[in-house]
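**Q** Pasting a structure below so you can have a look.
Residue numbers (the working numbering): 370 to 601.
Below, the structure written as structure tokens:
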């Protein structure tokens, strides 16, 4: 579905991503792992059109997209849910969700049904201002708002960051549920073990390079990999 071919991303003289290549498979969950500064977020932003490439190319459904502006990539079905639980705090939950559907034409009642089935707490808080939600609820809202655009590829940047352990379990279950509706998921996570348990495939980044890749199951079972790359 998504082919990343030898892309490089620079911030001035600093090279954040160094000629990495990846193949994101349709209807799967792919996870990007690595320490802070490994290049994970920079990769997602490059796919979304928020970082320019210094080198390389990106193809989505067989067509080159790295020269398209970010809004055109959204219209093609590529949606990024960034870290930091960014929501419109002075708007209600329902208003936030409607904002996520701004590129849509026609009815969106089906998407409301979907997001409320995955995140039932949001239905109870539909008229509540987003700024009054808990951290976990804001994260749910940020993901639900992204789903309102009916993405083909949903990119999630650190969705479990700062959440209590029980909420991390809920978040991973929700991501799995989203994937089961047919949405391809590209997930960046510090919580390697939780992410690998729901993922199909994984890439490990280190200082802007892919140093390891393989099935999530294989990575979890290899003790050497766990000790060297996953902090276990």
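We put the CB at the ideal spot given by N, CA and C, even for glycine. The structure presented is a predicted model; accordingly, all values stated were derived computationally and were not measured.
List the endpoints of the continuous alpha helix (DSSP H) containing residue 538.
**A** Taking the chain shown and counting its residues from 1, one reaches residue 538 at position 169. That run of the alpha helix (DSSP H) goes 534–549.
**Q** Express the C-alpha separation of residue 440 and residue 390 in angstroms, rounding to a whole number.
**A** Counting from one through the chain shown, the residue named residue 390 turns up at place 21. Counting from one through the chain shown, the residue named residue 440 turns up at place 71. So the two alpha carbons sit approximately 24 Å from each other.
**Q** Mapping DSSP to helix, strand and coil, what is residue 472?
**A** Translated into the one-based positions of the chain shown, residue 472 becomes position 103. If DSSP states are grouped into helix, strand and coil, residue 472 belongs with coil.
**Q** Within 10 angstroms of its Cβ, does residue 534 collect 16 or more other Cβ (buried), or is it exposed?
**A** Counting from one through the chain shown, the residue named residue 534 turns up at place 165. The residue in question, residue 534, is exposed, as its Cβ has fewer than 16 Cβ neighbours within 10 Å.
**Q** Taking the alpha-carbon positions, what's the residue 547 to residue 458 distance?
**A** Reading the chain shown from its first residue, position 178 is the one you call residue 547. Reading the chain shown from its first residue, position 89 is the one you call residue 458. If you take the alpha carbons of residue 547 and residue 458, they lie about 24 Å apart.
**Q** Report yes if the CB atom of residue 543 is closer than 8 Å to the CB atom of residue 402, and no otherwise.
**A** Residue numbering aside, residue 543 sits at position 174 when the chain shown is read from its first letter. Residue numbering aside, residue 402 sits at position 33 when the chain shown is read from its first letter. Contact flag unset, no.
**Q** Since I believe residue 511 is in contact with residue 454 (beta carbons under 8 Å), could you give me their beta-carbon distance rounded to a whole number of angstroms?
**A** To locate residue 454, count along the chain shown from 1; it is residue 85. To locate residue 511, count along the chain shown from 1; it is residue 142. 5 Å between Cβ atoms; contact.
**Q** How long is the line joining the alpha carbons of residue 411 and residue 490, rounded to whole angstroms?
**A** In the chain shown, the residue the question calls residue 411 occupies position 42. In the chain shown, the residue the question calls residue 490 occupies position 121. Cα to Cα, the separation comes out at about 31 Å.
**Q** CA-CA distance, residue 431 and residue 501?
**A** Residue numbering aside, residue 431 sits at position 62 when the chain shown is read from its first letter. Residue numbering aside, residue 501 sits at position 132 when the chain shown is read from its first letter. Roughly 43 Å separates the two Cα atoms.
**Q** Using 8 Å as the threshold, is the C-beta distance between residue 425 and residue 376 below it?
**A** As a working mapping, residue 425 is identified with position 56 in the chain shown. As a working mapping, residue 376 is identified with position 7 in the chain shown. For residue 425 and residue 376, yes; Cβs fall inside 8 Å.
**Q** Where does residue 442 fall in DSSP's three states?
**A** Position 73 of the chain shown, counting from 1, holds the residue named residue 442. Helix at residue 442.
**Q** Hey, out of 395, 372, 378, 396, whose CA is closest to residue 420's CA?
**A** Taking the first residue of the chain shown as position 1, residue 420 is located at position 51. Cα-wise, what sits closest to residue 420 is 378.
**Q** Apply the 10 Å Cβ neighbour rule to residue 564 and answer buried if 16 or more other Cβ atoms are within range, or exposed otherwise.
**A** As a working note, residue 564 is residue 195 in the chain shown. Classification of residue 564: buried, given that the 10 Å Cβ count is 16 or more.
**Q** For the alpha helix (DSSP H) that residue 410 lies in, which residues bound it at each end?
**A** Position 41 of the chain shown, counted from the start, is the residue given in the question as residue 410. It spans 409–417 - the alpha helix (DSSP H) in which residue 410 sits, taken as one unbroken run.
**Q** Nearest CA to the CA of residue 505: which residue from 593, 529, 486?
**A** Numbered from 1 along the chain shown, position 136 holds the residue referred to as residue 505. Among 593, 529, 486, the Cα nearest to that of residue 505 belongs to 529.
**Q** To the nearest angstrom, how far is it from the Cα of residue 461 to the Cα of residue 498?
**A** In the chain shown, counting from the first residue as 1, residue 461 sits at position 92. In the chain shown, counting from the first residue as 1, residue 498 sits at position 129. Using only the alpha carbons, I get a separation of about 4 Å.
**Q** Mapping the DSSP letters down to three states, classify residue 503 as helix, strand or coil.
**A** Start at 1 with the first residue of the chain shown, and residue 503 comes out as number 134. Coil at residue 503, not helix or strand.
**Q** Identify every residue that forms a DSSP beta bridge with residue 581.
**A** Along the chain shown, read from residue 1 onward, the residue named residue 581 stands at position 212. DSSP lists 573 as partners of residue 581.
**Q** What residue does the alpha helix (DSSP H) around residue 482 start on, and which one ends it?
**A** For this step, residue 482 is matched to residue 113 along the chain shown. Residues 478–487.
**Q** Considering just the uninterrupted stretch of the beta strand (DSSP E) at residue 373, what are its terminal residues?
**A** Numbered from its first residue, the chain shown carries residue 373 at position 4. Residue 373 -> beta strand (DSSP E) spans 371–380.
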